[in-house]
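Peer 1: Before I ask anything, let me first share the structure, which is written out below as structure tokens.
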Amino acid sequence: MNHTAQVGRHDRHPADTYEQILERDSRPVPDYLREGRVPEVGVEPVAVDRYFDRKFFEKEARYVWSRTWQMACREEDIPNVGDYVIYEILGKSLIIARSAPDRVQAFYNSCLHRGRKLVTLQGCKHEFKCPYHGFTWRNDGTFKENPIGWDFPQWEGTDQSLPEAKVDFWGGFIFINLDRHARPLAEFIKPLADDFDRFDFANRYRAVWVQKKVRCNWKATAEAFMESHHSMATHPQILPALGDANSQYDLPNDHVSRHFSASGVSSPFLPQLSEAEIFAYMTGQGKGGRRALADDAPLTLPEGETARRQMAELARQALAQETGYSYEHAADAEMLDALLYNVFPNISVWAGYVSNLIYRWRPNGLDPETAIMDVMILKACPKDQPRPAPAQVFELGLDDPWANASHLLGGLAIIFEQDMGNLPYVHEGLRASGTGFVHFARYSEMRIRHFHKMIDRYMAEGAAGAGETL
Ligand code: FES
Ligand SMILES: [Fe+2]
Numbered sequence: 002m003n004h005t006a007q008v009g010r011h012d013r014h015p016a017d018t019y020e021q022i023l024e025r026d027s028r029p030v031p032d033y034l035r036e037g038r039v040p041e042v043g044v045e046p047v048a049v050d051r052y053f054d055r056k057f058f059e060k061e062a063r064y065v066w067s068r069t070w071q072m073a074c075r076e077e078d079i080p081n082v083g084d085y086v087i088y089e090i091l092g093k094s095l096i097i098a099r100s101a102p103d104r105v106q107a108f109y110n111s112c113l114h115r116g117r118k119l120v121t122l123q124g125c126k127h128e129f130k131c132p133y134h135g136f137t138w139r140n141d142g143t144f145k146e147n148p149i150g151w152d153f154p155q156w157e158g159t160d161q162s163l164p165e166a167k168v169d170f171w172g173g174f175i176f177i178n179l180d181r182h183a184r185p186l187a188e189f190i191k192p193l194a195d196d197f198d199r200f201d202f203a204n205r206y207r208a209v210w211v212q213k214k215v216r217c218n219w220k221a222t223a224e225a226f227m228e229s230h231h232s233m234a235t236h237p238q239i240l241p242a243l244g245d246a247n248s249q250y251d252l253p254n255d256h257v258s259r260h261f262s263a264s265g266v267s268s269p270f271l272p273q274l275s276e277a278e279i280f281a282y283m284t285g286q287g288k289g290g291r292r293a294l295a296d297d298a299p300l301t302l303p304e305g306e307t308a309r310r311q312m313a314e315l316a317r318q319a320l321a322q323e324t325g326y327s328y329e330h331a332a333d334a335e336m337l338d339a340l341l342y343n344v345f346p347n348i349s350v351w352a353g354y355v356s357n358l359i360y361r362w363r364p365n366g367l368d369p370e371t372a373i374m375d376v377m378i379l380k381a382c383p384k385d386q387p388r389p390a391p392a393q394v395f396e397l398g399l400d401d402p403w404a405n406a407s408h409l410l411g412g413l414a415i416i417f418e419q420d421m422g423n424l425p426y427v428h429e430g431l432r433a434s435g436t437g438f439v440h441f442a443r444y445s446e447m448r449i450r451h452f453h454k455m456i457d458r459y460m461a462e463g464a465a466g467a468g469e470t471l
């Protein structure tokens, strides 16, 4: 990896680094978890109008969302020929359809006659017949029928297939790109795809899907999940087992950023806790969260053992019981830690063997002031058993609390409630700014700054390509 112009250690919290914590673990440190590329990204203030200015928002639509890979759904959402779901972004609507066993297409959901959406609910169809005047397309997008064909001399001899967006795949996810000339997804996400090989994401199913509308710009919403030190003020109850200030941040490539936070060690912001106290805290959390304990898990910490190593071992046993696979090889970090990877512009995928959180953020329709956040939980398909059906979406409106989804999210509901509790006030505060600027920390908010630099880069390149000035 390229370590040129790394941010220096003097810029970090003086506590142990993430790697130093991993050196004391029960398994060797997997190489991919070590710190990678940490370029100097600067310390300049960033103007707040990018969070609410409609012109900026329109440029994002034109130059960022129109040219980036976006996760649209899972392959398990459309397992059979004819199955389709709808993915919407900034007023665009796409039908993601399986038109053959090995073929998925993404059609613009707009009738070529007078524009009606062809479908408004997901389903299974072998042709798309517009409900307005009955013009019909086959599910591979080719034109089939015009009931008033005699009156359309202008269409004679022309191809009236449905226009398509580009489709690509990774880890059981289906991505789309509105740019028909986009380079393959793999070129953008290679570092993530390489690291995730070991987790076999295609063999996971969506166990939970909650979608929340948020009173906050999509970027400020995403930023709430790109660093760990907000836990100190926002989630103080988790500090006994979260190495927040020890977190590691890096940028494997321009489209993939990561941060890793250790679990099973206490926050450097707290007075030192004993291993027994950390272990008691973690086992006291019961069966909620990502690391369910087995019913018969021993709840005393063996002499000389650390809370982190012991919790990882209990997590290995519980997961083996649940899935039928062995996790003997799994590093403690892969059983315990918050290992967040982001793919620009808008998804985050948690690595690890325990259930994986997936986040997706996007604008809510054409509104820069509200966003949609999806939270999914992927679990390993149990060995030698039929693949469980994927969970369908559970929707939370702008004013619905996450507690309404606690039957799905367990103890995570309170964490998301705490995060979301900030966000309307973040948005209002950005608008209320007396300086017109926000400031990002040099190392631990590097991912956020880089995210904004990428938006700027796409906008500059797009504008240059279009012969426009920003
Ligand atoms: S708008 Fe679709 S058939 Fe007329
Ligand atoms: Fe949070």
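Numbering-wise (the working numbering), the sequence shown opens with residue 2 and increments by one. In this text, a Cβ means the ideal position worked out from N, Cα and C, and glycines have one as well. Values in this document were obtained by computation on a predicted structure and should not be read as measured data.
1) Along the alpha helix (DSSP H) that carries Trp475, what are the first and last residues, could you check?
2) Buried or exposed: His127, going by 16 or more other Cβ atoms within 10 Å of its Cβ?
3) Label Ala465 either buried or exposed according to how many other C-beta atoms from any shown protein chain fall within 10 Å of its C-beta, with 16 as the threshold for buried.
4) By how many angstroms is the C-alpha of Asp297 removed from the C-alpha of Gly289?
5) If Trp219 and Pro364 are in contact, beta carbons under 8 Å, what's the gap, nearest whole angstrom?
6) For Pro425 and His14, which I take to be in contact (beta-carbon distance under 8 Å), what is that distance rounded to the nearest angstrom?
7) Let me check you understand the geometry: is the CB of Gly135 closer than 8 Å to at least one non-hydrogen atom of ligand 1?
8) What's the C-alpha gap between Arg96 and Pro299?
9) Relative to the alpha-carbon of Gln386, which residue among Trp70, Gly37, Gly411 and Thr324 has its alpha-carbon at the smallest distance?
10) By DSSP, does Gly158 sit in helix, in strand, or in coil?
11) Please identify the residue among Leu271, Asn140 and Lys214 whose C-alpha is closest to the C-alpha of Ser232.
12) Please confirm whether any heavy atom of ligand 1 lies closer than 8 Å to the CB of Arg115.
13) Return no unless some Cβ of chain B is closer than 9 Å to the Cβ of Ser111.
14) For a test of the three-state rule: what should DSSP assign to Gly289, helix, strand or coil?
15) Buried or exposed for Ser100, going by 16 or more other Cβ atoms inside 10 Å?
16) What's the gap between the Cα of Leu163 and the Cα of Ala107?
17) Mind listing, in chain order, the continuous alpha helix (DSSP H) runs of no fewer than 4 residues lying wholly within the region 316 to 379?
18) Tell me where the beta strand (DSSP E) around Asn178 begins and ends.
19) May I have a chain-ordered list of the beta strand (DSSP E) segments no shorter than 3 residues that lie completely inside the region 388 to 450?
20) Just verifying my parser: in three-state terms, what is the DSSP assignment at Gln311?
21) Who are Arg205's beta bridge partners in DSSP?
22) Near Ala339, what residues of its chain come up, given a Cβ to Cβ distance below 6 Å and the 5 sequence neighbours on each side ignored?
23) Give me the Cα-Cα distance between Ser327 and Ala321, rounded to the nearest whole angstrom.
24) Under 9 Å between the Cβ atoms of Glu36 and Thr18?
25) When DSSP builds the beta bridges, which residues end up paired with Met72?
26) Whose CA, out of Ala442, Gly430 and Phe417, lies closest to the CA of Lys213?
27) Measuring alpha carbon to alpha carbon, tell me which of Leu409, Leu471 and Phe136 ends up nearest Glu146.
28) Would you call the region 45 to 65 and the region 152 to 161 touching, i.e. three or more CB-CB distances under 8 Å?
29) Quick one, are the C-beta atoms of His440 and Cys217 less than 9 Å apart?
30) Give me every residue whose Cβ sits closer than 7 Å to any heavy atom of ligand 2, in chain order.
31) From the DSSP secondary-structure annotation, give me the bridge partner or partners of Phe108.
32) Please classify Tyr19: does DSSP put it in a helix, a strand, or coil?
33) When DSSP builds the beta bridges, which residues end up paired with Gln479?
Peer 2: Answer, in terms of the structure:
1) Residue 475 is absent from the structure shown; the chain starts at 2 and stops at 471.
2) exposed
3) exposed
4) Here the model assigns Gly289 a pLDDT of 44, short of 50, so the residue's position is not dependable and the matter cannot be decided.
5) 5 Å
6) The pair is not a contact, with the Cβ atoms about 30 Å apart (cut-off 8 Å).
7) yes
8) Per the sequence shown, the amino acid found at residue 96 is Ile instead of Arg. So the two alpha carbons sit approximately 50 Å from each other.
9) Thr324
10) coil
11) Leu271
12) yes
13) The structure shown contains no chain B; it holds only a single protein chain.
14) Residue placement at Gly289 is poorly supported in this model, since its pLDDT is 44, which falls under 50; the coordinates still yield a value, given next. Correct three-state label for Gly289: coil.
15) buried
16) 9 Å
17) 333 to 337
18) Phe174 to Asn178
19) 395 to 397
20) helix
21) Ala381
22) Ser262
23) 5 Å
24) yes
25) Phe176
26) Phe417
27) Phe136
28) no
29) no
30) Ala225, Phe226, His231, Ser232, Thr235, His236, Ile416, Gln419 and Asp420
31) Ile96 and Glu165
32) helix
33) What is shown of the chain runs 2 to 471, which leaves residue 479 out entirely.
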